[in-house]
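K.L.:
Protein chains in written order, with my numbering: chain W, 1 to 375; chain B, 1 to 375. The C-beta atom is built at its ideal place from N, Cα and C for all residues, glycine as well. Below: one structure in structure tokens.
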């Protein structure tokens with residue numbers, strides 16, 4: 001029987017989650033959940049004669065990662081993540097389209113699985129919707145967007161729940177993935193001397209959000225000129241993010257990344273999360289940050305600061321990862337057409353988290369997304 | 001590599017979910033989700049050289065069960081379920097207490113795992129909460145209620161998400177369980193001639209809901225007399241349901257149940273769900289239905305019909321299951337102090353789903369809970 005119970009779970013995904021909370025919550029809440037979930041006074045109360053697994057398995061701990069890891073016995077681990085999207089907090093019905101919303105609901109969870117270096121396999125989708133949109137084709141279109149992305153990555157919808165809400169839409173997206181045993185990439189593995197990389201480019205999603213806040217809408221755009229086409233592309237980076245599934249797999253399977261996180265809250269906040277979990281510091285070169293070219297192009301005319309958008313803008317869903325010096329040469333130049341940029345280096349914790357701008361070095365504050373911050 | 005990919009997933013939990021929808025939705029929605037989730041035109045678009053699992057595993061299908069089943073290679077299957085609770089649809093803040101809400105959020109998912117005959121192991125909890133209650137102790141109390149139940153069954157919280165909502169609380173509870181390979185009990189295994197059983201007693205949760213709708217509240221009760229104590233117990237059956245985890249395990253592990261479902265929507269609806277999935281009919285004896293004694297006691301004075309509450313009242317979270325004649329003698333009398341009652345028999349599909357009352361037999365309509373029904 002024992003060979004059936006030797007399983008480990010590495011708790012994970014109080015993440016984008018608790019990290020978006022206010023100052024009281026961000027740390028207190030993670031501490032509270034970690035403390036409570038580690039409490040080992042548990043006793044199986046079910047009839048002992050009926051218990052397949054009478055011996056609670058040995059569990060490691062570590063809430064505060066992109067996804068939780070459940071160790072299987074077949075040389076393979078299961079990773080699982082959940083992401084809650086709430087209307088008016090995470091999206092506005094008048095700024096998106098149902099199929100884009102379905103895409104994004106899945107994309108944010110795929111991004112978490114990618115950040116663990118795992119292969120996404122299965123999904124569950126819980127939706128709460130008001131009665132007035134039930135009879136429209138909103139829900140069907142939402143699922144079409146979900147399925148279109150799921151099929152690209154061979155992810156299978158295996159369950160979910162539907163409930164009625166008084167007014168607002170809520171969506172909880174759950175994705176399970178797999179990786180070889182021990183290959184899941186945690187946030188906690190960065191070492192001083194490791195190089196810091198980011199996939200793709202930054203700031204476009206936040207720029208899209210700012211433009212929407214100023215009234216830009218997809219349906220208003222005819223894409224008749226270059227400017228309109230650029231705006232449309234920025235809006236789509238916010239509304240239809242592309243998870244870096246291919247990069248996550250390469251970095252996880254080939255054990256190239258020593259630590260990894262997806263950029264959901266913003267580079268400044270997410271770098272702090274990674275450094276906290278790894279108990280290290282970091283310095284990034286501001287000139288190396290891959291600001292999205294569209295952001296750089298439009299920013300001046302629209303009073304947006306490209307570097308601030310790239311540092312503090314959330315939801316780029318690029319991967320931020322660290323690589324030890326000996327593995328740098330093994331990194332492919334591109335995966336799925338997406339390149340990577342070395343933006344800095346991991347330092348000792350005592351050196352803090354900093355940005356270097358020429359000869360000036362300043363301390364980097366967490367300036368990313370926070371659900372409970374009053375703006 | 002192939003031994004790593006021979007995995008199956010039996011989709012599951014579009015259940016309490018879609019079954020609570022209106023007539024257009026209840027069937028169309030399940031059909032749509034089933035059709036789409038079975039679509040096998042998927043192609044893995046990630047860089048083939050980077051794919052651990054290039055061959056999509058052979059998948060069985062069957063959305064429409066209490067939980068989804070993922071077949072592992074270790075003689076053990078993983079089951080997973082998700083349940084969305086929305087304020088004003090599924091609970092009212094002024095009628096419950098935060099720790100009871102935390103208990104219930106987990107209990108409803110444990111009940112799904114029990115209905116699969118599996119051992120609950122891990123949980124994730126996503127919550128969306130308005131800013132005004134974030135700084136109160138509401139969330140802490142909610143988690144205390146959750147953890148108190150989790151610890152009774154040795155279930156470990158491994159992740160979750162927190163988001164801000166404009167006004168209403170939403171909770172998505174995800175539970176993963178395990179069972180021996182092939183031991184998961186589906187809704188679809190009932191055969192004509194099988195006997196139909198239910199755990200515990202029925203109607204108390206619905207009676208508690210009716211009393212709350214008429215203004216009864218836990219805090220108003222001093223439990224100073226028998227009547228108040230009875231009301232309090234009925235309210236608690238609605239607010240703090242007990243999942244039948246022990247019974248689920250016995251019935252699953254010892255392969256005693258040929259099919260099983262938990263009574264979340266109500267006996268009449270859930271019996272229809274079981275019969276539909278098994279393609280059978282059933283007859284239940286109204287005199288055998290184990291109406292909760294408190295319901296019977298209070299019903300007359302409060303103009304409630306005990307039999308209607310037991311048939312159509314939802315959220316009893318008892319288990320409804322079928323047993324072949326040769327296995328009847330192997331059933332224990334009680335598990336965890338809870339007994340079972342034989343309430344009827346499985347028939348051929350052509351005989352429909354009926355209730356016998358003495359010599360009269362009438363057709364049983366689905367009269368249970370429906371999220372999208374206008375009352």
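Just reading off the alpha helix (DSSP H) that residue 108/W is part of, what are its end residues?
P.N.:
As a working note, residue 108/W is residue 108 in the first chain. Element bounds for residue 108/W: 98-115.
K.L.:
Might you give, ordered along the chain, the residues of its own chain that have their beta carbon closer than 6 Å to the beta carbon of residue 77/B, omitting 5 neighbours on each side?
P.N.:
One-based indexing of the second chain puts residue 77/B at position 77. Hits under 6 Å: 69, 71, 179, 181 and 184.
K.L.:
Measure from the C-beta of residue 46/W to each C-beta in chain B and report whether the shortest distance is under 8 Å.
P.N.:
Position 46 of the first chain, counting from 1, holds the residue named residue 46/W. The predicted model places residue 46/W with a pLDDT of 27, which falls under 50 and marks its position as unreliable; any figure quoted below should be read in that light. Yes, because at least one Cβ of chain B sits closer than 8 Å to the Cβ of residue 46/W.
K.L.:
Got a sec? Which residues, its chain only, sit under 8 Å from residue 240/W by beta carbon, not counting five neighbours each side?
P.N.:
Position 240 of the first chain, counted from the start, is the residue given in the question as residue 240/W. Hits under 8 Å: 100, 103, 104 and 107.
K.L.:
Quick check on residue 273/B: does DSSP put it in helix, strand or coil?
P.N.:
Counting from one through the second chain, the residue named residue 273/B turns up at place 273. If DSSP states are grouped into helix, strand and coil, residue 273/B belongs with the helices.
K.L.:
From this set, 270/W, 273/W, 309/W and 271/W, which residue's C-alpha is nearest residue 234/W's C-alpha?
P.N.:
Stepping through the first chain from its first residue, residue 234/W is reached at position 234. The option with the nearest alpha carbon to residue 234/W is 309/W.
K.L.:
Reducing DSSP to helix, strand and coil, say where residue 139/B ends up.
P.N.:
Locating residue 139/B in the second chain gives position 139, counting from the first residue. Reduced to three states, the DSSP call for residue 139/B is helix.
K.L.:
Which whole-angstrom value describes the C-beta separation of residue 190/W and residue 322/W, a residue pair presumed to lie in contact below a C-beta threshold of 8 Å?
P.N.:
Translated into positions along the first chain, residue 190/W becomes position 190. Translated into positions along the first chain, residue 322/W becomes position 322. Rounded, the Cβ-Cβ distance is 4 Å, consistent with contact.
K.L.:
Find the residues of chain B that neighbour residue 68/W, judging by a C-beta separation of less than 8 Å, and give them in chain order.
P.N.:
Counted from its first residue, the first chain places residue 68/W at position 68. Per Cβ cutoff of 8 Å: 122, 124, 158 and 159.
K.L.:
Within 8 Å (strictly less), CB to CB, does residue 164/W reach chain B?
P.N.:
Counting from one through the first chain, the residue named residue 164/W turns up at place 164. Output row for residue 164/W: interface = yes.
K.L.:
So which of 335/W, 260/W, 358/W and 360/W has the shortest CA-CA distance to residue 324/W?
P.N.:
Counted from its first residue, the first chain places residue 324/W at position 324. Of the listed residues, the one whose Cα sits closest to residue 324/W is 260/W.
K.L.:
Distance check for residue 318/W and residue 55/B, CA to CA, integer angstroms please.
P.N.:
Here residue 55/B refers to the residue found at position 55 when the second chain is read from its first residue. Here residue 318/W refers to the residue found at position 318 when the first chain is read from its first residue. Note that residue 55/B has pLDDT 29, beneath the 50 cutoff, so the model's placement of it is unreliable and the number below is only indicative. Approximately 27 Å, taken between the alpha carbons.
K.L.:
When the Cα atoms are used, what is the spatial distance from residue 306/W to residue 349/W?
P.N.:
Here residue 306/W corresponds to residue number 306 of the first chain, with the count starting at 1. Here residue 349/W corresponds to residue number 349 of the first chain, with the count starting at 1. Taking the straight line from one Cα to the other gives about 28 Å.
K.L.:
Any beta-carbon of chain B closer than 8 Å to the one on residue 86/W?
P.N.:
As a working mapping, residue 86/W is identified with position 86 in the first chain. Answer yes: the Cβ-Cβ gap between residue 86/W and chain B drops below 8 Å somewhere.
K.L.:
Around the C-beta of residue 2/B, are 16 or more other C-beta atoms found within 10 angstroms, so that it is buried, or is it exposed?
P.N.:
By 1-based counting over the second chain, the position of residue 2/B is 2. Interpretation of residue 2/B is limited by its pLDDT of 30, a score under 50 that renders its predicted location unreliable; the figure taken from the coordinates is listed afterwards. So residue 2/B counts as exposed.
K.L.:
Return the CA-CA distance between residue 331/W and residue 344/W, expressed in angstroms with no decimal places.
P.N.:
Here residue 331/W refers to the residue found at position 331 of the first chain. Here residue 344/W refers to the residue found at position 344 of the first chain. Straight-line Cα distance between these residues: approximately 16 Å.
K.L.:
Report the neighbours of residue 169/B on chain W: residues whose CB is nearer than 7 Å to its CB, in chain order.
P.N.:
Here residue 169/B is taken as the residue at index 169 of the second chain, counted from 1. What residue 169/B touches in chain W: nothing, since even the nearest Cβ is about 10 Å away.
K.L.:
Compute the distance between the beta-carbons of residue 155/B and residue 175/B, then report whether it is under 8 Å.
P.N.:
Position 155 of the second chain, counted from the first residue, corresponds to residue 155/B. Position 175 of the second chain, counted from the first residue, corresponds to residue 175/B. Their beta carbons are under 8 Å apart, which means residue 155/B touches residue 175/B by this criterion.
K.L.:
So with CB distances below 8 Å, who are the chain W contacts of residue 89/B?
P.N.:
Walking along the second chain from the start, residue 89/B turns up at place 89. What residue 89/B touches in chain W: 128, 163, 164, 165 and 166.
K.L.:
Flag residue 73/W as yes if its beta-carbon sits less than 8 Å from any beta-carbon of chain B, otherwise no.
P.N.:
One-based indexing of the first chain puts residue 73/W at position 73. Chain B contact via Cβ: present.
K.L.:
What residues from chain W crowd round residue 83/B, counting only those whose CB sits closer than 9 Å?
P.N.:
On the second chain, position 83 is the one that residue 83/B refers to. Within chain W, the residues near residue 83/B are 126, 161 and 163.
K.L.:
First and last residue of the alpha helix (DSSP H) that includes residue 229/B?
P.N.:
Counted from its first residue, the second chain places residue 229/B at position 229. Residues 226-239.
K.L.:
Please report the residue range of the alpha helix (DSSP H) in which residue 73/B lies.
P.N.:
Residue numbering aside, residue 73/B sits at position 73 when the second chain is read from its first letter. Here residue 73/B belongs to no alpha helix (DSSP H), and DSSP marks it neither H nor E.
K.L.:
For the pair the stretch 149-165 of chain W and the stretch 118-130 of chain W, tell me if three or more CB-CB distances fall below 8 Å.
P.N.:
Yes, the stretch 149-165 of chain W touches the stretch 118-130 of chain W.
K.L.:
What separation, rounded to the nearest whole angstrom, lies between the Cα atoms of residue 39/B and residue 115/B?
P.N.:
Here residue 39/B is taken as the residue at index 39 of the second chain, counted from 1. Here residue 115/B is taken as the residue at index 115 of the second chain, counted from 1. The predicted model places residue 39/B with a pLDDT of 48, which falls under 50 and marks its position as unreliable; any figure quoted below should be read in that light. Rounded to whole angstroms, residue 39/B to residue 115/B spans 27 Å at the Cα level.
K.L.:
Over what stretch of residues does the beta strand (DSSP E) that includes residue 295/W continue unbroken?
P.N.:
The residue labelled residue 295/W in the question sits at position 295 within the first chain. Per DSSP, residue 295/W belongs to no beta strand (DSSP E); it is in the alpha helix (DSSP H), 293-299.
K.L.:
With a cut-off of 8 Å, does the C-beta of residue 172/B fall near any C-beta of chain W?
P.N.:
Working through the second chain from its first residue, we reach residue 172/B at position 172. Yes, because at least one Cβ of chain W sits closer than 8 Å to the Cβ of residue 172/B.
K.L.:
Who are the near neighbours of residue 75/B in its chain, counting only those whose CB is closer than 8 Å to its CB and skipping five residues on each side?
P.N.:
Locating residue 75/B in the second chain gives position 75, where the first residue counts as 1. Excluding residues within five positions, the ones whose Cβ falls inside 8 Å are 180 and 181.
K.L.:
Run through the stretch 152-217 of chain B for me and flag every whole alpha helix (DSSP H) of 4 or more residues, listed as ranges in chain order.
P.N.:
With a minimum length of 4 residues, the continuous alpha helix (DSSP H) runs that stay inside the stretch 152-217 of chain B are 204-213.
K.L.:
Output needed for residue 84/B: all residues of its chain with C-beta closer than 6 Å, excluding positions within five of it in sequence on either side, in chain order.
P.N.:
Translated into positions along the second chain, residue 84/B becomes position 84. Cβ within range, chain order: 172.
K.L.:
Around the C-beta of residue 334/B, are 16 or more other C-beta atoms found within 10 angstroms, so that it is buried, or is it exposed?
P.N.:
For this step, residue 334/B is matched to residue 334 along the second chain. Classification for residue 334/B: exposed.
K.L.:
What is the residue span of the beta strand (DSSP E) that residue 262/W lies within?
P.N.:
The residue labelled residue 262/W in the question sits at position 262 within the first chain. Note, residue 262/W: beta strand (DSSP E), 259-262.
K.L.:
Terminal residues of the continuous beta strand (DSSP E) containing residue 376/B?
P.N.:
With chain B covering only 1 through 375, there is no way to say anything about residue 376/B.
K.L.:
What is the DSSP secondary structure of residue 360/B, counted as helix, strand or coil?
P.N.:
For the purposes of this step, residue 360/B is taken as the residue at position 360 of the second chain. Correct three-state label for residue 360/B: strand.
K.L.:
Between residue 340/B and chain W, is the shortest Cβ-Cβ distance under 8 Å, so that the two count as touching?
P.N.:
Taking the second chain and counting its residues from 1, one reaches residue 340/B at position 340. For residue 340/B, the answer is no, since every Cβ of chain W falls outside 8 Å of its Cβ.
K.L.:
Taking the straight line between their C-alpha atoms, what separation do you get for residue 217/W and residue 122/W?
P.N.:
Taking the first chain and counting its residues from 1, the one referred to as residue 217/W is at position 217. Taking the first chain and counting its residues from 1, the one referred to as residue 122/W is at position 122. If you take the alpha carbons of residue 217/W and residue 122/W, they lie about 33 Å apart.
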